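For reference, the structure is listed below as structure tokens.
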Amino acid sequence: DEPFHRDTNSERAAKRSKGAVLTVDSPPALFDLLETFESCGLGNAIRDFFGEQPMLLTRKGTLRCVRHNVNTGGWHQDGAFLGEDIRSLNVWIALTDCGVDAPGLDIVAKRLPGIVQTGSNFATWTTNPQAAKDVSEGHTVRPVFAAGDAIIFDHLCLHRTAAAPGMTKTRYAIE
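In the numbering used here, the protein residues as written are 60 to 234.
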């Protein structure tokens, strides 16, 4: 219906203004991504994990370009904007090397029982900076990715774009 299209179009415009495009807006890329999921066994693993046929969320699948001088946007959990009970997995694939010379990901490497307190100056669904600091203390990792590396995490994983002074390259990834 019309409200859905209006929201999707505004999300598309917002993503494009930040150097990203929805995966569904590039049929060849979407086809290759789904073929890759199946050929490497990820499709079966996800089906086994959920116990049912998984679905791709149109508004979440993104081909993203992140410049070295990006504003990270803060810590967040996908469940804060998708819904805490969404039962989702995020498959994040580096298309270029990242984490050293190009922005990568900061991840809180511990299981969180729910959504961490939200509320920041960036967006209503981003994690409150003090709450993020409290739960991440001693558990933050910044993996180094080579092109083709992937990480899978659920909707409760607290993460953010990892950019740092000295980075000079652009990151390309599929989220």
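All C-beta atoms, glycine included, are put in the ideal place defined by N, C-alpha and C.
No experiment lies behind these values; they were computed from the predicted model shown.
Buried versus exposed call for residue i [16 or more other C-beta atoms within 10 Å across all chains shown]
i, result
"PHE204", "buried"
"HIS214", "buried"
"GLU143", "exposed"
"GLY225", "exposed"
"ASP165", "buried"
"LEU116", "exposed"
"GLN176", "exposed"
"VAL200", "exposed"
"ALA191", "buried"
"ALA73", "exposed"
Simplified DSSP assignment, three categories, for residue i
i, result
"ALA182", "coil"
"ALA223", "coil"
"PRO62", "With a pLDDT of only 40 at PRO62, under the threshold of 50, the placement of this residue in the model should not be trusted, and no figure is reported."
"LEU81", "strand"
"THR229", "coil"
"LEU215", "coil"
"ALA209", "strand"
Terminal residues of the alpha helix (DSSP H) in which residue i lies
i, result
"LEU116", "Run containing LEU116: none; DSSP gives neither H nor E here."
"GLY102", "101-109"
"GLU234", "Neither: GLU234 is in no alpha helix (DSSP H) and is coded neither H nor E."
Cβ-Cβ distance between residue i and residue j below 8 angstroms
i, j, result
"ASP156", "ALA223", "no"
"THR229", "ALA161", "yes"
"ILE174", "GLY138", "yes"
"THR121", "LEU81", "yes"
"THR186", "LEU141", "no"
"GLY178", "PRO202", "no"
"ALA182", "CYS124", "no"
8 angstroms Cβ cutoff, residue i in contact with chain D
i, result
"LYS192", "In the structure shown, chain D does not exist; there is a single protein chain."
Only counting runs of 4 or more residues, tell me where the alpha helix (DSSP H) segments fall wholly within the segment 127-203, in order along the chain. 138-141 and 188-195
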